[in-house]
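Below: the structure, in structure tokens.
As structure tokens, this is what we get:
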């Protein structure tokens with residue numbers, strides 16, 4: 089996923105969530121000003137982003153007088169950032185430089201990305217360990233004795249989902265194979281070298297969890313190429329419940345839903361509290377899967 093920090097354009101989505109009991113901006117003397125301009129820096133091309141944006145809009149519609157701006161592209165250039173005309177931000181903020189720029193501009197922000205664990209901002213995202221645990225429990229309840237996990241090594245969400253999956257499997261007395269070495273250089277382009285050989289080496293039948301639906305689709309394609317039957321020999325559970333990705337698959341895919349609308353709703357609620365002077369949690373707010 090690639091996001092840029094860019095100047096708001098006239099073509100960007102604008103949504104006014106005004107209500108009579110709305111929370112508006114005030115100057116230092118308490119005089120009411122225009123509705124707060126909240127920038128949504130979220131990649132809305134996928135299921136995760138669309139759900140988050142929907143949750144933000146739902147909260148803003150019911151509880152605030154915000155004007156919402158969906159910014160699809162943004163860069164970390166100082167010139168462009170200074171011209172970002174918003175009062176607050178909810179976004180997938182994944183770099184220290186982006187945090188620094190927002191801080192220097194005095195723009196309060198809530199993060200909804202779980203790609204790294206060092207972003208020093210109030211954050212809301214999925215309970216990834218619970219996601220892994222849920223997938224493992226699904227397989228255990230169906231009598232599986234062989235398990236595998238395939239994820240992206242350098243992403244926090246993938247690491248935590250794998251941890252939840254593996255720990256649950258091991259607690260039940262089983263072992264879990266991991267594709268960490270095969271996926272070491274994976275960058276979301278093409279099929280990693282060695283993935284087919286790794287899949288062939290796994291005992292069958294087996295329950296496989298991938299860290300997202302895109303990887304689930306990739307594993308299905310590899311299985312079809314090497315003659316591993318899905319789901320008879322390899323059952324596969326992805327994450328995101330992205331209907332488009334699942335429908336593109338030639339075989340049925342199971343997927344864990346992240347409750348993305350709830351993530352967006354809670355992030356907006358958290359931002360509204362910040363703007364009202366309330367204290368913010370020091371740890372990420374984790375949203376349970378369903």
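Numbering (our numbering), first residue to last: 89 to 378. For glycine and all other residues, C-beta sits at the position ideal for the given N, C-alpha and C.
- Message: So residue 256 and residue 224 are supposed to be a Cβ contact under 8 Å. How far apart are they, rounded?
- Response: For the purposes of this step, residue 256 is taken as residue 168 along the chain shown, with counting starting at 1. For the purposes of this step, residue 224 is taken as residue 136 along the chain shown, with counting starting at 1. Contact holds; Cβ gap of about 4 Å.
- From residue 351 to residue 291, what does the alpha carbon distance come to, in whole angstroms? For the purposes of this step, residue 351 is identified with residue 263 of the chain shown, where counting begins at 1. For the purposes of this step, residue 291 is identified with residue 203 of the chain shown, where counting begins at 1. Whole-angstrom Cα-Cα distance: 37 Å.
- Query: Under the three-state reduction of DSSP, which class applies to residue 371: helix, strand or coil?
  - Reply: Taking the chain shown and counting its residues from 1, one reaches residue 371 at position 283. In this structure, residue 371 counts as coil in the three-state DSSP scheme.
- Query: Which word fits residue 116, buried or exposed, when buried means at least 16 other C-beta atoms lie within 10 angstroms of its C-beta?
  - Reply: Taking the chain shown and counting its residues from 1, the one referred to as residue 116 is at position 28. Summary for residue 116: the model assigns pLDDT 40, below 50, so the residue's position carries little reliability; its value from the coordinates is reported in the next sentence. Exposure of residue 116 is indicated by the presence of fewer than 16 other C-beta atoms within 10 angstroms of its C-beta.
- Task: Look at the Cβ atom of residue 355, then the Cβ atom of residue 141, and state whether they are nearer than 7 Å.
- Result: If you number the chain shown from 1, residue 355 lands on position 267. If you number the chain shown from 1, residue 141 lands on position 53. Contact: no.
- Task: Return the residue from the list 335, 193 and 144 that minimises the CA-CA distance to residue 158.
- Result: As a working note, residue 158 is residue 70 in the chain shown. Nearest C-alpha to residue 158: 144.
- Query: For the segment 305–319 against the segment 247–266, are there 3 or more C-beta pairs whose distance is under 8 Å?
  - Reply: Pairwise C-beta distances place the segment 305–319 out of contact with the segment 247–266, as fewer than three of them are shorter than 8 Å.
- Message: My parser needs the alpha helix (DSSP H) runs of 4 or more residues fully inside the segment 286–366; what are they?
- Response: Runs of the alpha helix (DSSP H) inside the segment 286–366: 301–314, 331–336 and 348–363.
- Query: Under three-state DSSP, which class holds residue 378?
  - Reply: Residue numbering aside, residue 378 sits at position 290 when the chain shown is read from its first letter. DSSP places residue 378 outside both helix and strand once states are collapsed to three, so it counts as coil.
- Query: Buried or exposed: residue 308, going by 16 or more other Cβ atoms within 10 Å of its Cβ?
  - Reply: As a position in the chain shown, residue 308 is number 220, starting the count at 1. Label assigned to residue 308: buried.
- Item | Simplified DSSP assignment, three categories, for residue 199 | Start at 1 with the first residue of the chain shown, and residue 199 comes out as number 111. Strand at residue 199.
- Item | Cβ separation of residue 197 and residue 179, assumed to be a contact under 8 Å, to the nearest whole Å | As a first step, residue 197 is located in the chain shown; it is residue number 109 there, counting from the start. As a first step, residue 179 is located in the chain shown; it is residue number 91 there, counting from the start. Confirmed, about 7 Å.
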